[in-house]
Structure formats: C-alpha cells, structure tokens
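What follows is one structure encoded as structure tokens, with my remarks underneath.
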Amino acid sequence: MKRRIAALGASLLMAFALTACTPSTVEEYYTQDEVKESVDAQIEVMKADYIGIFSDMGYTVEENTFTYWFKFAEQVEDVDTAAQELKDSISEETLQDIVRNVQKECGISEVTGSYLYYNADGSVILEHSYTYTAPVEE
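For the sequence shown, the numbering used here assigns the number 1206 to the initial residue and increments by one for each residue that follows.
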C-alpha cells in the first residue's frame, strides 16, 4: 500500500506539470478550466486505480489551501495503526513539490496542501498538511 500511496502523490504532481496561472489565490488557480480539467481527469484515473481501497476521493480548495481527500471503502478498525502507516507512506517530498509548484505557478507566497483520509464511516483517520511560505519569484 505504501507504494500505491506514493504513486498517488506522484500522479497528483503530474496533474500540475502542464498548467500555468496568474490568479490571486490557489482557489482561483484550481477553478481555471485547464487546471480543473487536468486535476479532475487525474482523480478519475486514480479512482479506477484504487477501486476496493478507496470508495471515493476528490479535492477541495479554499483560498490558498488545497486538500486531496480519500475515503476508505471498508471500515478501518485500528485507526491509530492505520494513521501511522498512512503517515509513514506519505511522500513528504511529493506534497512539498506539489505545494511549491502551485506557489511558483501562481506567484502566491504562502500555499498549504493537505491529504485527508476518511474512514468508511466518515470519521477522520489522518490529516497531513504542508505549508510553504516563500518570497514570490519575479
């Protein structure tokens, strides 16, 4: 499962590789047709790849924070162990790369990216975030 989660992060990073923006917030960035279509298409591919593991997945964006969320198909009973395994399997570098890429493309100095994992009953197993603050490159 660790490799699959790492591949998931890499897939999300690729969704941003071909996009550019000039909006004032990450939310505006994600609503651009090219970006939205790219991310939506990647989410659909991942849904097919993760049938049986996740019952649903998607993303939300509010101002300068984007969150990719995943809902497990079956109830996880040992939530503490699952949370630790998920945390261990998350590629911190991939999340950092996604956040920095969005920051660079948008020219926004502070961007936060998160992964949010839900149990089958809707309770939160793990939320993992990364915030990047940097001077905007000109």
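Each residue gets a CB set at the ideal place from its N, CA and C atoms; glycine is no exception.
Note that this is a predicted model, so its numbers are computed, not measured.
**Prompt:** If we ignore side chains and look at the alpha-carbon of each, how far apart do phenylalanine 1259 and tyrosine 1323 end up?
**Reply:** 9 angstroms
**Request:** Return the bridge partner residues of lysine 1276 from the DSSP annotation.
**Result:** Asp1261, Tyr1323
**Item:** Backbone CA spacing between tryptophan 1274 and threonine 1317 [nearest angstrom]
**Value:** 14 angstroms
**Asked** Mind checking glutamate 1267: buried by the 16 CB within 10 Å criterion, or exposed?
**Response** exposed
**threonine 1230 versus Asp1261, Glu1297, Glu1310, Leu1291, residue with shortest Cα-Cα distance** = Glu1310
**Item:** For valine 1244, the three-state DSSP class (helix, strand or coil)
**Value:** helix
**Request:** Give a yes or no on whether the C-beta atoms belonging to glycine 1257 and alanine 1278 are separated by under 8 angstroms.
**Result:** yes
**Message:** Which of the three DSSP states is assigned to isoleucine 1303 in this structure?
**Reply:** helix
**Asked** Taking buried to mean at least 16 other C-beta atoms within 10 Å of its own C-beta, is aspartate 1302 buried or exposed?
**Response** buried
**Request:** Could you give the DSSP three-state label for valine 1230: helix, strand or coil?
**Result:** Position check: residue 1230 holds threonine in this sequence, whereas valine was assumed. Residue state, collapsed to three classes: coil.
**Prompt:** Contact check, threonine 1272 vs tyrosine 1264 under 8 angstroms by CB: the rounded distance?
**Reply:** 6 angstroms
**Item:** Cβ shell of methionine 1262 (< 8 angstroms), same chain only, five flanking positions each side left out
**Value:** Ile1248, Met1251, Lys1252, Tyr1255, Tyr1273, Trp1274, Phe1275, Lys1276
**Request:** Can you tell me which of Gln1308, Lys1292, Gly1312, Arg1305 puts its alpha carbon nearest to the alpha carbon of histidine 1333?
**Result:** Lys1292
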